[in-house]
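A.B. asks: What follows is a structure written as structure tokens; I'll ask about it next.
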Amino acid sequence: MTKFSDLALDPRVLQAVADTGYETPTPIQAQAIPYALQGRDVLGIAQTGTGKTASFSLPMITLLGQGRARARMPRSLVLCPTRELAAQVAENFDTYAKYTKLTKALLIGGVAFGEQDKLIDRGVDVLIATPGRLLDHFERGKLLLTGVQIMVVDEADRMLDMGFIPDIERIFSLTPFTRQTFFFSATMAPEIERITNTFLSNPAKIEVARQNSTSDTIEQALIQITPSRKDRSFADKRAVLRALIRQEGEACTNAIIFCNRKMDVDVVAKSLKSHGFNAAPIHGDLDQSQRMKTLDGFRDGSLHLLVASDVAARGLDIPAVSHVFNFDVPSHPEDYVHRIGRTGRAGRKGKAYTIATPFDEKYLTNIENLVKQPIPRGTLPEGFTLPEPGPKREDSRGPKGKGGKPDRREDRKPTRDREVAEVAPVQAVVEAPKREERKEDRRDDRRSPEQGHVHHHGTGGHSHHHRDEPRSDRRDGDRRDYRNRNDRDDRVVGMGDHVPDFILRSFKLPDPTPEEPELEAPEVQTADAE
Ligand code: AMP
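Residue numbers (full-length UniProt numbering): 1 to 530.
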């Protein structure tokens, strides 16, 4: 078996690796590093979790060991699709380059230009950036890419998802063609293949096993429920989630709870918090500092439950999670594998629960076809029962309802719980959006977190002309305030700026009365608040 010391890495890099406690190189490291050190281009077909970051950063640090950075001319460039990934790669560089004098800068949205400019002005060896932000700096004349000797494209398939490919092509064309390129992607979509054929020169192609199978160290359980009523399914699932977390008790040292839609991420996190759980959401609409704070808290153990969307969580390196809860069955089967792969890592045991309703049948079949085995059926926690179906009004208060009294605004708990309540009714109405609608929501989620601009696939040209536009949400123009009674017949508001189109379709709210103002929305909200 290859050892790190067998790879011709700089002794300072080997020392830093030894400090991390890694014993042996992972397959992608063992295969990629020798080619990288020979100066070859590398095409790595590998996912997060395979050790791919070290597979490019260790040889980069070794190769950059000689030579000095010149002002505004970074010697190497690492492009990542999201800010979090870029920040994560930067952390990896700090770890592996700690015994060297190499300098690095991180260029990501949400950070003031001034500081970044200063670093670049001084000259950096390694520049880690998201594509949009990098081109912003370039266009402001603050950066020259003609000194780039090594360029890395990380998670190219996500770049494609997010519409960054034209930016990547442009950046490639701004760097010297003599550069060495490391290119990583989990899949080889035709568009990715085209880019690699155009910009890589005789690359060493290294493919590490795709994880379309689930690890033996993960104990899976599918918890199937039939909601007491269709409009209760969201509330019932939250009750099941709480019961499962409680049942796991101390064995659940930390967990990620996955929702399919980012607005549900918020509601589930708030609902858990209101039930005394230590939970926080992470999704693309939260500002950068908030996301970083949440992730740091989750990493250092001060946050117990991370509620996440797939897009926010993909690629994030969060070590040793004891549990994964799929609050929703993912609509893309590969997401199931990615999600549950967050636990049971590095030989540790992990548990993955998936909560499903009869509406998820199709998605479950797709998942089971992909992983080529049934997900073991689990049972509801002992003593837990879903509320019996009953007349709408009474039942809506859920198991903790106050004797089935009609829901009155003044009964509700104030502040935090109300926040949940005010978001919830939409979910109650739109329980199972059609497939196209779900896609639309996902597309929204995949919008670049960079300055909010939207890039389009396959334009062939440069989409960066959108970059300087302020975050424009065409729906803002459409949206109406339903607090304005003259105008409240056809729109739902109170959802923040990122309301998927389908939610904005007309549905009737009950007529307002002077006693029950318009925020007194359908009954599910009270269950949320409980
Ligand atoms: P990556 O695929 O680069 O996101 O890495 C996934 C995780 O594996 C990170 O937590 C790394 O710190 C860890 N890792 C990378 N290389 C090794 C190694 N050779 N042995 C053990 N863990 C590693």
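Glycine is no exception: its CB is placed at the ideal position from the N, C-alpha and C atoms.
#1: So what's residue 567 in DSSP terms, helix, strand or just coil?
#2: Nearest-angstrom Cα distance between Gln15 and Tyr99?
#3: Got a sec? Which residues, its chain only, sit under 8 Å from Asp117 by beta carbon, not counting five neighbours each side?
#4: How do the segment 38-45 and the segment 77-92 stand: do at least 3 beta-carbon pairs fall below 8 Å, yes or no?
#5: Report yes if the C-beta of Asn197 is less than 8 Å from at least one heavy atom of the ligand AMP; otherwise report no.
#6: Which of the three DSSP states, helix, strand or coil, is assigned to Ile318?
#7: Give every residue of the same chain whose Cβ lies closer than 7 Å to the Cβ of Ser173, excluding the five residues on either side of it in the sequence, and list them in chain order.
#8: Could you have a look at Ala251 and say whether DSSP puts it in helix, strand or coil?
#9: What are the boundary residues of the beta strand (DSSP E) that includes Gln180?
#10: Val208 and Val152 - do their beta-carbons sit closer together than 9 Å?
#11: With respect to the beta strand (DSSP E) encompassing Lys205, which residues constitute its N-terminal and C-terminal limits?
#12: Would Phe325 pass as a contact of Ala352 if the rule is Cβ separation under 9 Å?
#13: Name the DSSP bridge partner or partners of Met151?
#14: Let's test the definition: count the other Cβ atoms within 10 Å of the Cβ of Thr181 and tell me whether it reaches 16, buried, or not, exposed.
#15: Which residue from Arg12, Pro227, Pro374 puts its Cα closest to that of Asp236?
#16: With a Cβ-Cβ cutoff of 9 Å, do Tyr339 and Gln224 count as a contact?
#17: Is Ala16 helix, strand or coil when you go by DSSP?
#18: Evaluate Ser289 with the Cβ neighbour count: other Cβ atoms within 10 Å of its Cβ, from every protein chain shown; 16 or more gives buried, anything less gives exposed.
#19: Work out the CA separation of Leu364 and Ser233 for me, nearest whole Å.
#20: By alpha-carbon positions, which one of Leu102, Pro131, Phe298, Asp285 ends up nearest to Thr263?
#21: Taking the Cβ atom as the reference point for each residue, do Ala308 and His283 lie within a distance shorter than 9 Å?
#22: Cβ-heavy atom distance between Thr50 and the ligand AMP below 8 Å?
#23: Which first and last residues belong to the alpha helix (DSSP H) in which Leu119 is found?
#24: Return the chain-ordered list of same chain residues with a C-beta closer than 6 Å to the C-beta of Ala30, the five sequence neighbours on each side being excluded.
#25: Mind checking whether Thr217 and Gly49 have CB atoms under 9 Å apart?
#26: Would Gly65 and Leu102 be called neighbours here (beta carbons separated by less than 9 Å)?
#27: For the pair the segment 123-138 and the segment 59-75, tell me if three or more CB-CB distances fall below 8 Å.
#28: Please classify Gly163: is it buried, with 16 or more other beta-carbons within 10 angstroms of its beta-carbon, or exposed?
#29: Use the C-beta contact count for Tyr22: other C-beta atoms within 10 angstroms, 16 or more gives buried, fewer gives exposed.
#30: List the endpoints of the continuous beta strand (DSSP E) containing Glu382.
#31: Could you check which residue in Gln38, Leu295, Thr53, Val267 has the C-alpha nearest to that of Ile318?
#32: Please return the same chain residues whose Cβ sits closer than 7 Å to the Cβ of Ala90, not counting the five positions on each side in sequence.
#33: Quick one: give me the first and last residue of the alpha helix (DSSP H) that Pro281 is part of.
#34: Could you give the DSSP three-state label for Asp497: helix, strand or coil?
#35: Among residues of its own chain, excluding the 5 on either side of Asp335, which ones have a beta-carbon nearer than 7 Å to its beta-carbon?
#36: Which residues mark the beginning and the end of the alpha helix (DSSP H) in which Tyr363 is found?
C.D. replies: On the basis of the coordinates in this document:
#1: The structure shown does not extend to residue 567, since the chain is modelled only from 1 through 530, so no value can be given for it.
#2: As a working mapping, residue 15 is identified with position 15 in the sequence shown. As a working mapping, residue 99 is identified with position 99 in the sequence shown. Going by the C-alpha atoms only, they are around 8 Å apart.
#3: As a working note, residue 117 is residue 117 in the sequence shown. The answer, listed in chain order, is His137, Lys142.
#4: They do not touch, by the three-pair rule.
#5: Start at 1 with the first residue of the sequence shown, and residue 197 comes out as number 197. No; taking the cut-off as 8 Å, the Cβ of Asn197 has no heavy atom of the ligand AMP nearer than that.
#6: What you label residue 318 is simply residue 318 of the sequence shown in a count that begins at 1. DSSP, reduced to helix, strand and coil, places Ile318 outside both helices and strands of the structure shown, so it counts as coil.
#7: The residue you call residue 173 lines up with position 173 of the sequence shown. Correct list: empty, nothing qualifies.
#8: Numbered from 1 along the sequence shown, position 251 holds the residue referred to as residue 251. Look at Ala251 here: in three-state DSSP terms it is helix.
#9: Counting from one through the sequence shown, the residue named residue 180 turns up at place 180. Taken as a continuous stretch (DSSP letters only), the beta strand (DSSP E) holding Gln180 covers 180-185.
#10: As a position in the sequence shown, residue 152 is number 152, starting the count at 1. As a position in the sequence shown, residue 208 is number 208, starting the count at 1. Between Val152 and Val208, the gap from beta carbon to beta carbon reaches 9 Å or more.
#11: As a first step, residue 205 is located in the sequence shown; it is residue number 205 there, counting from the start. Per DSSP, the unbroken beta strand (DSSP E) holding Lys205 starts and ends at 204-207.
#12: To locate residue 325, count along the sequence shown from 1; it is residue 325. To locate residue 352, count along the sequence shown from 1; it is residue 352. Note that the C-beta distance between Phe325 and Ala352 is below 9 Å.
#13: Locating residue 151 in the sequence shown gives position 151, where the first residue counts as 1. DSSP lists Leu77, Thr181 as partners of Met151.
#14: In the sequence shown, the residue the question calls residue 181 occupies position 181. Counting Cβ neighbours within 10 Å, Thr181 comes out buried, since at least 16 surround it.
#15: As a first step, residue 236 must be located in the sequence shown, where it is residue number 236. Looking at the Cα atoms, Pro227 is the closest of the given residues.
#16: One-based indexing of the sequence shown puts residue 339 at position 339. One-based indexing of the sequence shown puts residue 224 at position 224. Inspection of the sequence shows that residue 339 is occupied by Arg rather than by Tyr. Not closer than 9 Å, so no.
#17: Taking the first residue of the sequence shown as 1, we reach residue 16 at position 16. DSSP places Ala16 within a helical segment (H, G or I) once states are collapsed to three.
#18: Translated into positions along the sequence shown, residue 289 becomes position 289. Under this definition Ser289 is an exposed residue.
#19: What you label residue 233 is simply residue 233 of the sequence shown in a count that begins at 1. What you label residue 364 is simply residue 364 of the sequence shown in a count that begins at 1. If I take the Cα positions, the gap works out to 17 Å.
#20: Locating residue 263 in the sequence shown gives position 263, counting from the first residue. A small correction: the amino acid at residue 263 is Met; Thr does not occupy that position in the sequence shown. Closest by C-alpha distance to Met263, out of Leu102, Pro131, Phe298, Asp285, is Asp285.
#21: As a working mapping, residue 308 is identified with position 308 in the sequence shown. As a working mapping, residue 283 is identified with position 283 in the sequence shown. Yes; because the gap between Cβ atoms is below 9 Å, this pair is in contact.
#22: By one-based count along the sequence shown, residue 50 stands at place 50. Yes - the ligand AMP has a heavy atom lying nearer than 8 Å to the Cβ of Thr50.
#23: Working through the sequence shown from its first residue, we reach residue 119 at position 119. Here the alpha helix (DSSP H) through Leu119 covers 113-122.
#24: Here residue 30 is taken as the residue at index 30 of the sequence shown, counted from 1. So the list reads Thr2, once near-sequence residues are dropped.
#25: As a position in the sequence shown, residue 217 is number 217, starting the count at 1. As a position in the sequence shown, residue 49 is number 49, starting the count at 1. Remark: C-beta atoms of Thr217 and Gly49 do not approach each other more closely than 9 Å.
#26: In the sequence shown, counting from the first residue as 1, residue 65 sits at position 65. In the sequence shown, counting from the first residue as 1, residue 102 sits at position 102. A Cβ-Cβ contact shorter than 9 Å links Gly65 with Leu102.
#27: Note that the segment 123-138 touches the segment 59-75; at least 3 beta-carbon pairs, one per stretch, sit closer than 8 Å.
#28: The residue given as residue 163 occupies position 163 in the sequence shown. It counts as buried.
#29: Along the sequence shown, one-based indexing puts residue 22 at 22. Burial call: exposed.
#30: Position 382 of the sequence shown holds residue 382. According to the DSSP assignment, Glu382 belongs to no beta strand (DSSP E), since it is labelled neither H nor E.
#31: Counting from one through the sequence shown, the residue named residue 318 turns up at place 318. With respect to the C-alpha of Ile318, the residue from Gln38, Leu295, Thr53, Val267 having the closest C-alpha is Leu295.
#32: Here residue 90 is taken as the residue at index 90 of the sequence shown, counted from 1. Excluding sequence neighbours, Ala90 sits near Lys104, Leu106, Ile128.
#33: In the sequence shown, the residue the question calls residue 281 occupies position 281. Membership of Pro281 in any alpha helix (DSSP H) is not indicated; the residue belongs instead to the beta strand (DSSP E) covering 279-282.
#34: Taking the sequence shown and counting its residues from 1, one reaches residue 497 at position 497. With a pLDDT of 40 at Asp497, under the threshold of 50, the modelled position of that residue is not reliable, and no figure is offered here.
#35: The count along the sequence shown starts at 1 and reaches residue 335 at position 335. If we look at Asp335 and ignore the five residues flanking it on each side, its Cβ neighbours are Asp310.
#36: Counting from one through the sequence shown, the residue named residue 363 turns up at place 363. Its alpha helix (DSSP H) spans residues 361-371.
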